[in-house]
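Colleague: Per the working numbering, residue 1173 is the first one in the sequence shown, and the count goes up by one each step. For every residue, glycine included, the Cβ atom is placed at its ideal position computed from N, Cα and C.
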Amino acid sequence: MSGTEHPSTVLSLSGFKATIEPERWFEGSYTLVVDGTPQSNVHLDDPTKLFFEYVQRIGLVIDQLPDGPITAVHLGAGAMTLPRYVEATRPGSRQQVVELESDLVAFVRENLPLPKGASIRVRHGDARAVLEKLPTGLRGSVDLVIVDVFGGARIPAHVTSVEFYRSVVELLAPGGIVAVNIADGPGLAFARGQAATLMTATGHVAALAETQILKGRRFGNVVLVGSATPLPLEWMPRLLAGGPHPAKVIDGRELTDWIAGAPVVTDTTAIPSPPPSKNIFQTGK
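#1: State the beta-bridge partners of Gln1472 as determined by DSSP.
#2: What's the gap between the Cα of His1376 and the Cα of Thr1220?
#3: Do three or more CB pairs link the segment 1405 to 1423 to the segment 1292 to 1309 at distances below 8 Å?
#4: Check whether the Cβ of Ala1378 lies closer than 8 Å to any heavy atom of the ligand SAM, and answer yes or no.
#5: Taking contact to mean at least 3 C-beta pairs separated by less than 8 Å, is the segment 1246 to 1254 in contact with the segment 1358 to 1369?
#6: Quick one: what does DSSP say Glu1342 is sitting in, helix, strand or coil?
#7: Assign Ser1184 to one of two classes, buried (16 or more other C-beta atoms within 10 Å of its C-beta) or exposed (fewer than that).
#8: Taking the alpha-carbon positions, what's the Trp1407 to Glu1342 distance?
#9: So, at 7 Å on beta carbons, what are the nonlocal neighbours of Ala1260 in its own chain, with the 5 sequence-adjacent residues on each side left out?
#10: Starting from the C-beta of Leu1272, find all residues in its chain whose C-beta is less than 6 Å away, skip the five residues before and the five after it, and write them out in chain order.
#11: Can you grab the Cα-Cα spacing for the pair Arg1266 / Leu1286, in whole Å?
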């Protein structure tokens, strides 16, 4: 990493401060902090080492895809942890990354350089707007779409609706999947609504999280995995065994019971995700 020990910048679009800090709990890695909220962690020497639990869960989902290079679209860049992971585990993959904050991408590239020769193209702009302008050739040919869009610590409303998710599904190849990072608190009203919405758009959904989070007992991240075709049954025990522990994976009737009749979110009813308390994710630095 170049520059000072804690390089930082103020993002021109949002006004948020972005900082890259060495991660004291994960030697050799660096954490991108935006507006006081840890957003991404990168291990430069070994991109297969994933720090945040929800990212580890998405990594396990990626590992379940058929062997070999894939075509992936990442909505939300952060420090490009998962594009690096895909490049490391599936060399030759074609990847598109969409990020609203152009200077965040430049900041990350300067201080946490991408692997040389990686086929990772960055498109600048709002995730939903860029999604609708992606090349026609991508539609129906994408193996993996990752939705991890945050403005500070909250998910913007316009990337939570069934209309948005249907646009995502149009990209998927047969057997392709979409993985969505959801942050929610006790009661999980937002996460349940997102599961119902993704289910309407895709037809098949599983949810992965730490057990107490899925029970709605504390704030945290839930990873939703959706596909237009049934998710292979053998995925479920693998995802559960893969951790990080304690882990819970729900699908089928258990997922329907967990959704508990939460309404499908539309463009007219969409709201941002709830903000976390300052002492949950934010560093206070």
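Modeller: Reading off the structure:
#1: Examination of residue 1472 is not possible in this model, given that the chain is present from 1173 through 1457 alone.
#2: What you label residue 1376 is simply residue 204 of the sequence shown in a count that begins at 1. What you label residue 1220 is simply residue 48 of the sequence shown in a count that begins at 1. Using only the alpha carbons, I get a separation of about 28 Å.
#3: no
#4: This structure lacks the ligand SAM, and indeed carries no ligand of any kind.
#5: no
#6: Within the sequence shown, the letter at position 170 stands for residue 1342. Residue state, collapsed to three classes: coil.
#7: As a working note, residue 1184 is residue 12 in the sequence shown. Per the 10 Å Cβ criterion, exposed.
#8: To locate residue 1407, count along the sequence shown from 1; it is residue 235. To locate residue 1342, count along the sequence shown from 1; it is residue 170. Spanning the two alpha carbons is a distance of roughly 23 Å.
#9: Residue 1260 sits at position 88 when you count from the first residue of the sequence shown. Within the same chain, Ala1260 has close Cβ partners Pro1219, Thr1220.
#10: Locating residue 1272 in the sequence shown gives position 100, where the first residue counts as 1. Same-chain partners within the cutoff: Asp1298.
#11: As a first step, residue 1266 must be located in the sequence shown, where it is residue number 94. As a first step, residue 1286 must be located in the sequence shown, where it is residue number 114. Spanning the two alpha carbons is a distance of roughly 14 Å.
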